[in-house]
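Note sheet for the following structure.
Laid out in structure tokens, this is it:
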């Protein structure tokens, strides 16, 4: 059921398998994987991509240098192309509901989800240097794998704001021989570090940085507290990446600090290798889970989390299906279920006699017949017209009434006795019938074996037992069949229940029959047909 749209023609439903909070690389990649898994998915995007200032995405196979906005637009198209939904909105709160989560948006809309994928990303807290934020993502950088190639062989200043400064300087030395370690508020390198820096040709510059020098919209240097000028073409800083997680507080899910070499580098939402958090039903991916995740790593985390989410939903769906399966097995063959089925429709069956009855009984001399599970009486009427005296039994009173009415319409009411009975409880009269016909009588295995034995006892010496059912082969076709493998049987299984000293099996086979499946295609189904003659 649709609840609203986002003003751009995207309808938002009131329930999804998964709501993805965050429309960056992690969220969109996870959403695509889930949508391809045929899950209903909603991506709620607040429009705060961490890499928005960057000119291009790098180290992303096949997408090298693509502008971040273009990559996200392509990702959104992938999500919606597979049937997922994307809305531009901010999630303000997430709460538990009966069997999942209630998700509230800032614009007042609400939806529900069975599972959550949190891909809210993070926000970079920059060192407190005037002018730094305005150059962020252009010539104020943080990741050599993201930006090192673009500033190769140029003068790069590394702003040391903690213990990781030396490590950064040595790392950036791979891209350029012109690296300067600018001691901002970091400690002086220890002797081992000083030796390493000297060996790699990295110059150490003392004194806090107080500002940037920009000429013609291009960084050309930095100012020091003592008034000195240091020429640089790019400035590397260590940011603190804070995970966006305020909306998760009602679930008791909070970010934790991330330290690297004794320096706090951000916060993250704790999760395992697959993105599962301590809150059942909530997964996390991207910078919300890993402060150092690049775009391609974030996307991979989103796909990994999506796989785990889908597996979790499959397990839940299977558990629910097993519960429903067991319920159906316990109830579908009882009187109430059959009675409801007949009352819900004016006619359940075609009105034609079953073809295997016609094939096997057409040449039998008439006598007394027991029609087991008579339905609406087509078999009983056909037998009666051929001179049989028929006892038609069904568990459902409405079926019995229809059988009696159809017999009266066919003017054979004097040869058809329609009776409501459960032959699992009330055994038929022993040795009383020249023909016992059970057409498509499917029961749980133990009940079926017991009933076949009772029906066999009801056959008079010299009489015929006809048992017909849906063969297990039918489960391989597209024909409409109840999918209860344990209820289906072969003719051989039915024959094995008969005492060889008292019975001669004349037919025990899977008999093909033409049918049409629900899509109108011609198919071949197989009836399990047992015809057995009771010895005199």
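In full-length UniProt numbering, the protein residues as written are 1 to 536. Even glycine gets a Cβ: it sits at the ideal position worked out from N, Cα and C. Note that the structure is a prediction, hence the values are computed from the model and not measured.
With a threshold of 16 other CB atoms inside 10 Å of the CB of residue i, please say whether the residue is buried or exposed.
i           : result
residue 173 : buried
residue 110 : exposed
residue 360 : buried
residue 47  : exposed
residue 251 : buried
residue 142 : buried
residue 425 : exposed
residue 306 : buried
residue 149 : exposed
residue 333 : buried
residue 254 : exposed
residue 192 : exposed
residue 61  : exposed
residue 284 : buried
residue 318 : exposed
residue 327 : exposed
Going by the DSSP bridge assignment, what does residue i pair with across the sheet?
i           : result
residue 260 : 263
residue 301 : According to DSSP, which records beta bridges pairwise, residue 301 is partnered with nothing at all.
residue 371 : 392 and 437
residue 524 : 514
residue 283 : 117 and 276
residue 464 : 435 and 533
residue 111 : 103
residue 15  : 112
residue 182 : 159 and 205
residue 547 : Because the chain in this structure spans residues 1 to 536, residue 547 falls outside the shown range and cannot be described.
residue 240 : 125
Using the C-alpha atoms, what's the distance from residue j back to residue i?
i           : j           : result
residue 137 : residue 123 : 13 angstroms
residue 370 : residue 458 : 9 angstroms
residue 375 : residue 473 : 24 angstroms
residue 126 : residue 146 : 17 angstroms
residue 534 : residue 494 : 14 angstroms
residue 112 : residue 14  : 6 angstroms
residue 114 : residue 290 : 24 angstroms
residue 230 : residue 224 : 8 angstroms
residue 249 : residue 76  : 28 angstroms
residue 434 : residue 351 : 24 angstroms
residue 363 : residue 464 : 12 angstroms
residue 117 : residue 32  : 12 angstroms
residue 532 : residue 19  : 60 angstroms
residue 294 : residue 103 : 28 angstroms
residue 462 : residue 506 : 13 angstroms
residue 516 : residue 475 : 14 angstroms
Ignore the nearest five residues each way along the sequence and tell me which others in residue i's own chain have a CB closer than 6 angstroms to its CB.
i           : result
residue 8   : Residue confidence is low: residue 8 scores 49 on pLDDT, short of 50, so the model does not pin down where it sits. Its coordinate-derived value is still stated next. So the list is empty, once near-sequence residues are dropped.
residue 554 : Limits of the chain in this structure are 1 at one end and 536 at the other, which puts residue 554 out of reach.
residue 83  : 35
residue 120 : 21, 22, 244 and 288
residue 420 : 397 and 400
residue 518 : 480
residue 508 : 491, 492, 495 and 530
Could you check how far apart the C-beta atoms of residue i and residue j are, in whole angstroms? I think they sit under 8 angstroms.
i           : j           : result
residue 178 : residue 208 : Residue 178 to residue 208, Cβ: 22 angstroms. No contact.
residue 301 : residue 286 : 6 angstroms
residue 488 : residue 469 : 7 angstroms
residue 29  : residue 299 : 4 angstroms
residue 355 : residue 386 : Contact doesn't hold; Cβ gap of about 15 angstroms is too wide.
residue 24  : residue 49  : 5 angstroms
I'd like the list of long-range same chain contacts for residue i, defined as Cβ closer than 7 angstroms, with 5 residues on each side in sequence excluded.
i           : result
residue 380 : 371, 374, 390, 392, 403, 407 and 416
residue 432 : 368, 458 and 460
residue 239 : 124, 125, 126 and 142
Could you pull out every residue in the same chain whose Cβ sits closer than 8 angstroms to the Cβ of residue i, ignoring the five residues on either side in sequence?
i          : result
residue 89 : 6, 44, 45, 46, 105, 106, 107 and 109
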